[in-house]
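Using our numbering, the letters of the sequence shown map in sequence onto residues 7 to 540.
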Amino acid sequence: MDKSGSSSVQDYNIWLESFQRTSKWQSQTFEAFLNSLKGVIIFGNGLLRYTSDFMAPAWNAAGCFLSSERRKLQHTPVVQSLSDYADLGRFNANLYAKAALSPLALNDYALRQINEAFLAMLNTLFDREGEDLAQFTGRKAQLLDLVVNDYPKAITEIKAEYGFHFDRDRYVKAGETERFELYQVLPWDPRVKVKEDGKPVIIIPPYVLGANILAFLPGENKSYSHCFANQGIPTYIRIMKEIETNEAVQLMTLEDDTLDTRLFCERVVAKHGRPVTLNGFCQGGYLTTVAILSGELDGLADAHITSVAPIDGSRSTSLVEFMSDTPIRFRDLGYSVKSLPNGIPVVDGSILSWVYKLKSIDKEAPVYTFLRDLLMFDKPGQVARINKTAAAINHWMLYDKTDLPLAITQASFASYTIPITEDGTLPVKLFNRPLNLKRFKEKHVPWLICIAEKDDLVDEAASLAPLDWVDAEVTVFPKGHTAMATSWSLPTSECALDACFSHPHARPGSRPDGPCRGPVRYQLDLDEAHSQPN
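Encoded structure:
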């Protein structure tokens with residue numbers, strides 16, 4: 007072949023290679039366009055759903071607001087009302103501004119997406135190895151589909167494994183009143199036997215978000231209550247009956263709560279022959295505190311554990327700041343009160359939980375939470391999968407809200423708006439008796455206060471307030487409000503509830519002679535100390 011023929015073949019090969027590259031690039035670009043179009047549609051649906059979920063309580067809040075305002079308008083001058091509404095408008099505008107700016111907190115994630123997209127485009131243009139544009143957009147569309155469509159299904163389906171299921175044989179009903187049921191939590195591990203003469207513990211969950219978070223995923227060995235039971239500790243959990251169908255629950259007072267706890271303590275003491283340890287989680291810790299201070303549990307409860315419990319809510323800086331920004335007229339519990347069909351007023355639990363979201367609107371705005379969930383599943387080089395822990399946490403946040411008795415909520419509201427006095431007296435009374443924290447020392451009731459280092463729901467100062475009057479022991483757990491019930495309830499975890507562990511940040515009231523003790527380890531040590539002969 008002559009030189010001209012060789013040159014023609016080379017030109018042809020170059021042309022063919024260029025054509026194939028162009029054709030491939032065009033094909034990938036078209037595929038990327040279709041993936042992007044699919045992603046935009048799914049993203050829009052997801053943003054709409056997240057916004058709808060966030061705003062759902064607004065309709066209930068609007069009804070309660072109108073009901074309260076009808077009463078107030080009759081007794082408030084028109085000029086004053088107009089001024090109050092103007093202040094409310096400014097307050098809402100500030101909230102909107104914070105919500106609008108919240109996605110900026112995810113700048114690192116956005117920059118990562120831009121960088122990945124740019125590399126994929128270069129790989130496509132120059133036919134380099136690595137993820138091309140079609141693969142990149144396809145992966146992102148798949149991620150969006152997982153978060154928007156598959157994730158909600160997983161959250162619904164986790165119900166069978168999440169929380170307490172008292173119809174199963176792992177629980178024994180141990181007592182009942184008009185308002186509560188008491189269940190013994192049996193060991194999940196069949197090899198463990200309950201130590202019948204051991205020191206028992208009764209766990210008191212919060213009202214507003216219920217008890218199920220304390221049996222997070224028992225089958226995965228992640229359960230606060232089962233962590234006690236799996237050590238052979240006689241473990242009990244107090245469960246509130248459905249408020250919608252029980253008038254006694256709707257009308258319940260702080261005195262009713264304490265008397266029912268006393269009855270359950272009597273039952274447990276009679277069975278095991280030992281005084282109980284009361285363990286209050288979150289709001290439940292405030293209830294156990296006032297119950298012990300009332301004197302009604304003398305001789306029945308001789309030890310106390312509180313976990314992420316707001317004992318003096320007025321020291322919660324973030325909530326106090328939020329309340330101080332709220333116009334004075336609207337700092338009223340009545341804006342969350344609704345009437346049931348029988349006419350009895352109760353506090354709408356969805357509105358209360360919504361208030362906490364509004365308080366942290368920069369982290370709870372729909373756009374932010376949507377992008378945060380995308381970030382949770384977007385792991386470069388890994389196939390996105392939905393784990394049970396994420397599904398169970400979201401099930402708790404979405405489905406475990408319940409309405410609250412008005413009198414109980416008024417007591418909690420007082421603890422957030424009125425500080426404990428200088429001599430240690432709480433802002434509420436029980437049986438018309440003042441409640442003073444110094445009684446713990448007078449009655450020699452030991453107290454373990456467990457807090458979460460990054461708790462954005464209950465401030466550290468609110469939990470540690472008793473240290474001004476009580477020589478309590480303090481244990482600091484890493485992570486946030488629910489970590490004790492989720493991460494650290496796993497016995498093999500770094501800060502397991504049944505272990506001792508060190509923590510780099512010392513706190514007043516910490517053990518001077520050793521590392522932090524988890525609540526289960528604390529209970530085991532109490533049992534051992536009380537079992538030894540004098």
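All C-beta atoms, glycine included, are put in the ideal place defined by N, C-alpha and C.
Notebook entry, point to check: By DSSP, does Q80 sit in helix, in strand, or in coil?
Noted result: coil
Check: Going along the chain, which residues of its own chain have a beta-carbon closer than 8 Å to the beta-carbon of E253, five neighbours each way excluded?
Finding: N348 and I350
Next item on the list: Pull up the distance between the alpha-carbon of L54 and that of D379, whole angstroms please.
Entry: 15 Å
Check: What three-state label does DSSP hand W453 in the structure shown?
Finding: strand
Item checked: Pair within 7 Å by beta-carbon distance, P193 and Q289 -> no
Next item on the list: Only counting runs of 4 or more residues, tell me where the alpha helix (DSSP H) segments fall wholly within the stretch 228-309, in order along the chain.
Entry: 230-235, 253-256, 260-278 and 289-299
Note to self: Just to confirm before moving on: does the CB-CB distance between G204 and D533 stay below 7 Å?
What the structure shows: yes
Next item on the list: Output the boundary residues of the alpha helix (DSSP H) element that contains N545.
Entry: There is simply no residue 545 to check, as the chain begins at 7 and stops at 540 in what is shown.
Notebook entry, point to check: DSSP state of P411, grouped into three classes?
Noted result: strand
Notebook entry, point to check: Between the stretch 450-458 and the stretch 267-280, are three or more C-beta pairs nearer than 8 Å?
Noted result: no
Next item on the list: Kindly indicate the opening and closing residues of the alpha helix (DSSP H) around L358.
Entry: G355 to K365
Check: Under the rule that 16 or more other beta-carbon atoms within 10 Å means buried, what is S342, buried or exposed?
Finding: buried
Checklist line | Nearest-angstrom Cα separation, counted from A123 out to L117 | finding: 10 Å
Checklist line | Contacts around L344, its chain only, beta-carbon distance under 6 Å, and the 5 residues preceding and following it disregarded | finding: Looking at the sequence provided, one finds Lys at residue 344 rather than Leu. Contacts found: C70 and D354.
Check: Bridge partners of Q190, per DSSP?
Finding: V178 and Y242
Notebook entry, point to check: DSSP on D17, reduced to helix/strand/coil?
Noted result: Confidence at D17 is low in this model, with a pLDDT of 47, below 50, so the placement of that residue is unreliable and no value is reported for it.
Item checked: Candidates F36, S74 and E184: closest to A140 by CA position -> F36
Next item on the list: Could you spell out where the alpha helix (DSSP H) holding L377 opens and where it closes?
Entry: P372 to F383
Note to self: Based on DSSP bridge pairs, tell me the residues matched to N523.
What the structure shows: What sits at residue 523 in the sequence shown is Arg, not Asn. According to DSSP, R523 bridges with C506.
Margin query: So, under 8 Å CB-CB, H487 and D461 are touching, yes? Tell me the CB distance rounded to an integer number of Å.
Written below: 5 Å
Notebook entry, point to check: Is the stretch 317-334 close to the stretch 360-377, with three or more CB pairs under 8 Å?
Noted result: yes
Check: Where does G50 land, buried or exposed, given buried means 16+ other C-beta within 10 angstroms?
Finding: exposed
Note to self: Please return the same chain residues whose Cβ sits closer than 8 Å to the Cβ of H536, not counting the five positions on each side in sequence.
What the structure shows: K205 and R280
Check: Any idea what DSSP makes of E163, helix, strand or coil?
Finding: helix
Check: Roughly how many angstroms lie between the CA atoms of A458 and P525, to the nearest whole one?
Finding: 13 Å
Next item on the list: Along the beta strand (DSSP E) that carries S330, what are the first and last residues, could you check?
Entry: Element bounds for S330: not the beta strand (DSSP E) but the alpha helix (DSSP H), T323 to D331.
Next item on the list: Go through its chain and collect everything with a Cβ distance to Y528's Cβ below 7 Å, but skip five positions before and after it.
Entry: I311 and L454
Next item on the list: Go ahead and pull the three-state DSSP assignment for V207.
Entry: strand
Check: Would you call the stretch 297-309 and the stretch 434-448 touching, i.e. three or more CB-CB distances under 8 Å?
Finding: yes
Notebook entry, point to check: Counting along the chain, where does the alpha helix (DSSP H) carrying L139 start and finish?
Noted result: L139 to D151
Notebook entry, point to check: Is the stretch 391-407 touching the stretch 255-269 in the sense that three or more CB pairs, one from each, lie closer than 8 Å?
Noted result: no
Notebook entry, point to check: In chain order, what residues of the same chain lie with their CB nearer than 7 Å to the CB of F545, ignoring the 5 residues before and after it?
Noted result: It is not possible to answer for residue 545, since the shown part of the chain is limited to 7 through 540.
Next item on the list: Work out the CA separation of F483 and F507 for me, nearest whole Å.
Entry: 9 Å
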